[in-house]
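What follows is a set of notes on a single structure, which appears directly below.
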Amino acid sequence: YHSTLAGQHSEILSQKKRAIILGIGYFRRWFNFYPYFFSLSELIAHLHPPYIEISLEACVFPFIYNDVVYYNCISVHSDFDWCSLDKIFQGRWRYCRASDPPQCVFPFSFRDKLIDHCTKEGFILNRSWCSLTKDYNKDKKWKTCSPLNS
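Heads up, the sequence shown stops at 150 in UniProt numbering, and the numbers go up one at a time, no gaps.
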């Protein structure tokens with residue numbers, strides 16, 4: 001009985017090792033193929049944590065990303081605005097919030113309403129946004145809001 005149980009245990013471990021090796025092999029093939037398409041900073045910016053990580057660190061402005069100087073949050077290589085936490089982007093970033101420069105102005109006029117939060121109304125891509133002035137209807141200045149403000 002003991003030798004049969006040991007044999008089954010050995011077979012299970014062997015199957016797990018094969019699965020891990022296959023998984024690592026797949027990752028290595030993927031990783032070896034895709035770096036030709038993206039730089040390290042682009043790969044990092046495309047990463048999405050499995051949960052929304054809230055950083056209390058302040059955005060650093062201006063910051064340099066891919067040899068371009070930015071003075072506010074950007075959506076380069078991302079679906080949502082983000083900022084660097086370092087003067088020269090080193091892979092540390094966070095999603096921008098309504099309070100990051102330029103700041104949203106609440107309440108603001110949009111169409112025939114007074115809006116006091118980020119809204120998806122009127123945005124064809126169904127993303128939340130806010131006005132940068134009291135009267136969006138007149139000034140048309142806006143920015144997207146982070147998923148934290150949706």
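We put the beta carbon where it would ideally sit given N, CA and C, even for glycine.
Taking C-beta separations shorter than 7 Å and ignoring five residues to either side along the sequence, the partners of P62 in its chain run V69, Y70 and Y71, following chain order. Straight-line measurement puts the Cα of C59 at about 14 Å from the Cα of S146.
Here C96 is near W82, since their CB atoms are less than 7 Å apart. Taking 3 residues as the minimum length, the beta strand (DSSP E) runs contained wholly in the UniProt domain "Fibronectin type-II" (54-98) are 63-65, 68-70, 82-84 and 93-95, in order along the chain.
D135 and L114 have their C-alpha atoms some 9 Å from each other. The Cβ atoms of W142 and S128 lie no closer than 7 Å to each other. Excluding its 5 nearest sequence neighbours in each direction, V76 has C-beta neighbours in its own chain below 7 Å: Y65, listed in chain order. For I124, DSSP records no beta bridge to any residue.
Out of P101, D79, D67 and S109, the CA that lies nearest to the CA of Q90 is found in D67. Collapsing the DSSP output to three states places K141 in coil.
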